[in-house]
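K.L.:
Protein chains in written order, with my numbering: chain A, 1 to 170; chain B, 1 to 164.
Following this line, the structure appears as structure tokens:
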């Protein structure tokens with residue numbers, strides 16, 4: 001037992017005199033991802049994007065497992081750039097614990113170069129003034145992340161490192 | 001090349017703030033004080049332990065405010081022998097989880113039966129609460145470590161059949 005638990009009873013009194021206490025309900029699930037997402041996530045772990053190609057030539061990222069038009073399984077793969085264009089965005093002023101970044105960020109729909117669909121992720125900028133539809137972004141990957149989407153930390157503006165537009169991520 | 005990704009961890013969870021409400025608070029405060037406190041329905045006079053914050057489910061009326069002390073002894077109405085090990089298990093199987101009708105209560109409460117071989121536990125057996133040291137008490141029924149046999153004669157089935 002720590003000193004903190006000796007003094008903290010784990011509960012408190014609400015204004016009406018009722019006991020109140022934190023209650024966390026959680027399940028440690030894991031799941032298999034299947035061949036299509038497995039290949040996509042393996043790519044992320046290696047710091048790159050792979051996509052599937054549909055019967056009409058459309059390039060899907062995240063990869064579609066089945067052709068949206070014909071319903072056939074898709075097995076043609078292409079590599080996709082780790083840079084793209086912001087199609088739309090929304091500001092997240094107060095991130096929750098489960099979200100990719102622990103400070104305010106932008107949700108973004110990014111169309112990666114070479115893709116025909118947009119990927120929903122986040123963009124690390126200091127304030128919404130740094131966001132603009134049509135801006136160029138690149139992926140920032142995490143080395144040694146647990147297998148999964150966590151290998152893709154976020155996107156960040158291209159050219160930001162030069163210091164314009166408040167790109168301070170120090 | 002990294003290993004192919006076959007499986008991902010996808011934990012989910014929600015963080016609640018839980019408020020007990022007035023009747024459950026009386027029950028929890030009773031546990032801190034080493035007492036087992038229920039509440040009585042003013043219509044059917046059944047005593048609920050733990051007390052519900054809302055209404056008696058049989059009568060649809062709010063339970064009374066007065067505390068009704070129950071136990072600390074009671075009768076095993078039904079039970080199961082736990083033979084299966086599982087993650088986080090604190091007691092070596094086999095052991096018994098039982099529904100215990102505390103004296104003065106009209107609804108059973110689930111707790112452990114220890115101090116007797118699992119295959120000797122039976123319906124109608126009289127048991128009593130074994131409390132932890134009072135320095136460990138908090139607002140939880142875990143203040144009672146387990147129940148143990150009192151050695152009294154068993155209760156006739158017809159005397160608790162209505163609470164099964």
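Here a beta-carbon is modelled for each residue, glycine too, at the ideal position from N, C-alpha and C. The structure displayed is predicted, hence computed values, not measured ones.
Just the Cα atoms here: how many angstroms apart are residue 123 of chain B and residue 130 of chain B?
P.N.:
As a working mapping, residue 123 of chain B is identified with position 123 in the second chain. As a working mapping, residue 130 of chain B is identified with position 130 in the second chain. Cα-Cα distance, rounded: 19 angstroms.
K.L.:
Nearest-angstrom Cα distance between residue 114 of chain A and residue 79 of chain A?
P.N.:
Taking the first chain and counting its residues from 1, one reaches residue 114 of chain A at position 114. Taking the first chain and counting its residues from 1, one reaches residue 79 of chain A at position 79. Going by the C-alpha atoms only, they are around 9 angstroms apart.
K.L.:
Evaluate residue 73 of chain A with the Cβ neighbour count: other Cβ atoms within 10 Å of its Cβ, from every protein chain shown; 16 or more gives buried, anything less gives exposed.
P.N.:
As a working mapping, residue 73 of chain A is identified with position 73 in the first chain. It is exposed - the Cβ of residue 73 of chain A has fewer than 16 other Cβ atoms within 10 Å.
K.L.:
Leaving out the 5 sequence neighbours to the left and right, which residues in its chain are closer than 7 angstroms to residue 70 of chain B when beta-carbon positions are compared?
P.N.:
By one-based count along the second chain, residue 70 of chain B stands at place 70. Hits under 7 angstroms: 36, 38, 47, 49, 102, 103, 104 and 105.
K.L.:
Comparing alpha-carbon positions, which option in B/140, B/61, B/95 and B/152 lies nearest residue 115 of chain B?
P.N.:
The residue labelled residue 115 of chain B in the question sits at position 115 within the second chain. With distances taken between Cα atoms, residue 115 of chain B lies closest to B/95.
K.L.:
Between which residues of its own chain and residue 64 of chain B is the CB-CB distance below 8 angstroms, once the five residues before and five after are set aside?
P.N.:
In the second chain, residue 64 of chain B corresponds to position 64, counting from 1. Cβ neighbours of residue 64 of chain B beyond the five flanking positions: 39, 40, 41 and 42.
K.L.:
For the alpha helix (DSSP H) that contains residue 22 of chain B, what are its first and last residues?
P.N.:
Mapped onto the second chain, residue 22 of chain B falls at position 22. Element bounds for residue 22 of chain B: 22-32.
K.L.:
Do you know how far the Cα of residue 138 of chain B is from the Cα of residue 9 of chain A?
P.N.:
As a working note, residue 9 of chain A is residue 9 in the first chain. As a working note, residue 138 of chain B is residue 138 in the second chain. About 8 angstroms.
K.L.:
If you measure from the beta carbon of residue 90 of chain A to each beta carbon in chain B, is any gap under 7 angstroms?
P.N.:
As a working mapping, residue 90 of chain A is identified with position 90 in the first chain. No, its Cβ sits nowhere closer than 7 angstroms to a Cβ of chain B.
K.L.:
Say whether the stretch 13-26 of chain B touches the stretch 144-155 of chain A, bearing in mind that this needs 3 or more beta-carbon pairs closer than 8 angstroms, one atom from each stretch.
P.N.:
The answer is no - the stretch 144-155 of chain A does not touch the stretch 13-26 of chain B, with fewer than three Cβ pairs under 8 angstroms.
K.L.:
In the DSSP assignment, find the unbroken alpha helix (DSSP H) run with residue 35 of chain A in it and report its ends.
P.N.:
For the purposes of this step, residue 35 of chain A is taken as residue 35 along the first chain, with counting starting at 1. Looking at the DSSP string, the run of the alpha helix (DSSP H) that includes residue 35 of chain A is 34-45.
K.L.:
Mind checking if residue 14 of chain A is an interface residue toward chain B, Cβ cutoff 7 angstroms exclusive?
P.N.:
Reading the first chain from its first residue, position 14 is the one you call residue 14 of chain A. Yes, its Cβ sits closer than 7 angstroms to a Cβ of chain B.
K.L.:
Using alpha carbons as the reference points, say which of A/146, A/106 and A/53 lies closest to residue 156 of chain A.
P.N.:
What you label residue 156 of chain A is simply residue 156 of the first chain in a count that begins at 1. For the residues A/146, A/106 and A/53, the minimum Cα distance to residue 156 of chain A belongs to A/106.
K.L.:
Quick one: is residue 138 of chain A near chain B, going by C-beta distance under 7 angstroms?
P.N.:
Along the first chain, read from residue 1 onward, the residue named residue 138 of chain A stands at position 138. For residue 138 of chain A, the answer is no, since every Cβ of chain B falls outside 7 angstroms of its Cβ.
K.L.:
Could you pull the start and end residues of the beta strand (DSSP E) that residue 67 of chain B belongs to?
P.N.:
For the purposes of this step, residue 67 of chain B is taken as residue 67 along the second chain, with counting starting at 1. Per DSSP, residue 67 of chain B belongs to the beta strand (DSSP E) from 67-69.
K.L.:
Within 7 angstroms (strictly less), CB to CB, does residue 10 of chain B reach chain D?
P.N.:
No chain D appears in this structure, whose protein chains are A and B.
K.L.:
Quick one: list the residues of chain A neighbouring residue 18 of chain B, beta-carbon separation under 7 angstroms, in chain order.
P.N.:
As a first step, residue 18 of chain B is located in the second chain; it is residue number 18 there, counting from the start. Residues of chain A passing the Cβ test: 20, 21 and 23.
K.L.:
Does DSSP put residue 151 of chain A in a helix, in a strand, or in coil?
P.N.:
Your numbering for residue 151 of chain A matches position 151 in the first chain. DSSP places residue 151 of chain A in helix when its eight states are reduced to three.
K.L.:
What residue does the beta strand (DSSP E) around residue 16 of chain B start on, and which one ends it?
P.N.:
For this step, residue 16 of chain B is matched to residue 16 along the second chain. Unbroken beta strand (DSSP E) run through residue 16 of chain B: 12-19.
K.L.:
Kindly indicate which residue of A/37, A/52 and A/26 has the alpha-carbon position closest to the one of residue 117 of chain A.
P.N.:
Sequence index remark: in the first chain, residue 117 of chain A carries index 117 (1-based). It is A/52 whose Cα lies nearest to the Cα of residue 117 of chain A.
K.L.:
Quick check for students: name the residue ranges of the alpha helix (DSSP H) that lie wholly in the stretch 95-133 of chain B, counting only runs of 4 or more.
P.N.:
Counting whole runs of 4 or more residues, the stretch 95-133 of chain B contains no alpha helix (DSSP H) stretch at all.
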